[in-house]
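The block underneath contains the structure these notes are about, expressed in structure tokens.
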Amino acid sequence: NAGVTQTPKFQVLKTGQSMTLQCAQDMNHEYMSWYRQDPGMGLRLIHYSVGAGITDQGEVPNGYNVSRSTTEDFPLRLLSAAPSQTSVYFCASSYVVGDTEAFFGQGTRLTVV
Amino acid sequence: DAKTTQPNSMESNEEEPVHLPCNHSTISGTDYIHWYRQLPSQGPEYVIHGLTSNVNNRMASLAIAEDRKSSTLILHRATLRDAAVYYCILSGYNFNKFYFGSGTKLNVKP
């Protein structure tokens, strides 16, 4: 049981490049989400999904796209990277009801130069 | 969406109890109170959650006020490994829009 797996762990991008951050979970969780964490700050919700084919925006969705074609995977796409997107990105998953715990990945540290 | 208020930082001595407070005056009847912690360079880790009654698990206890407008996370004997940022978060009946605040940074002194 691997939990929540994020790849890559580290990435450096040039401004304007695109990339996809991968997130996979093996717990059959309906709910998955993406957060970003800037230095010294709390986590901010980017996008979330309550099941395959269903996604919605969080607090800071601009510049990011998501899709959910399977229960297991929830990739986050940066279409045209900007220095302001330099951050640590965390993926989380859980069952959809609030009476449960969420599991987090170990993060992807992204630097845009 | 209901928000929470926590002190920015707290300090504790090793092997002493720690009480971390959280105010959530706009909590709704179906909101669960969750606590997570984040150790340096790691992803957040679940600690405990509850709805109305006090809760205990192997990591901590959660004391919820009768009016549910505040709660307290209790670490019974702090260790150096408990030094982390602790987040108090409200989740609705359905687990979506799970918002983190700025959390409380706990420093544990040997």
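Protein chains in written order, with the numbering used here: chain L, 1 to 113; chain Z, 114 to 223.
From the three backbone atoms N, C-alpha and C, an ideal C-beta is built for every residue, glycine too.
(1) I want to know whether the region 46 to 64 of chain L touches the region 6 to 17 of chain L - three or more CB-CB distances under 8 Å.
(2) Of all Cβ atoms in chain L, is any one closer than 8 Å to the Cβ of Y199(Z)?
(3) Measure the C-alpha to C-alpha separation of R181(Z) and S138(Z) and round it to an integer number of angstroms.
(4) If you run the structure through DSSP and keep just helix, strand and coil, what is L203(Z)?
(5) Put Q119(Z) into one of helix, strand or coil per three-state DSSP.
(6) Does any CB atom of chain Z fall closer than 8 Å to the CB of L79(L)?
(7) Specify the secondary structure class of S154(Z) as computed by DSSP and reduced to three states.
(8) At what residues does the beta strand (DSSP E) containing R181(Z) begin and finish?
(9) Quick one, are the C-beta atoms of L43(L) and P153(Z) less than 8 Å apart?
(10) Pick helix, strand or coil for R194(Z), following the three-state DSSP scheme.
(11) Got a sec: is the Cβ-Cβ distance from D38(L) to anything in chain Z below 8 Å?
(12) From the DSSP secondary-structure annotation, give me the bridge partner or partners of Q106(L).
(13) Please list, in chain order, all residues of the same chain as N136(Z) whose beta carbon is under 6 Å from its beta carbon, the five residues on each side excluded.
Put simply:
(1) no
(2) Not an interface residue.
(3) Whole-angstrom Cα-Cα distance: 8 Å.
(4) Here DSSP, grouped into helix, strand and coil, assigns L203(Z) to strand.
(5) Secondary structure of Q119(Z) (DSSP, three-state): coil.
(6) no
(7) Reduced to three states, the DSSP call for S154(Z) is coil.
(8) R181(Z) -> no beta strand (DSSP E), and no H or E assigned at all.
(9) No. Outside cutoff.
(10) helix
(11) no
(12) DSSP output for Q106(L) lists no bridge partner at all.
(13) T118, S183
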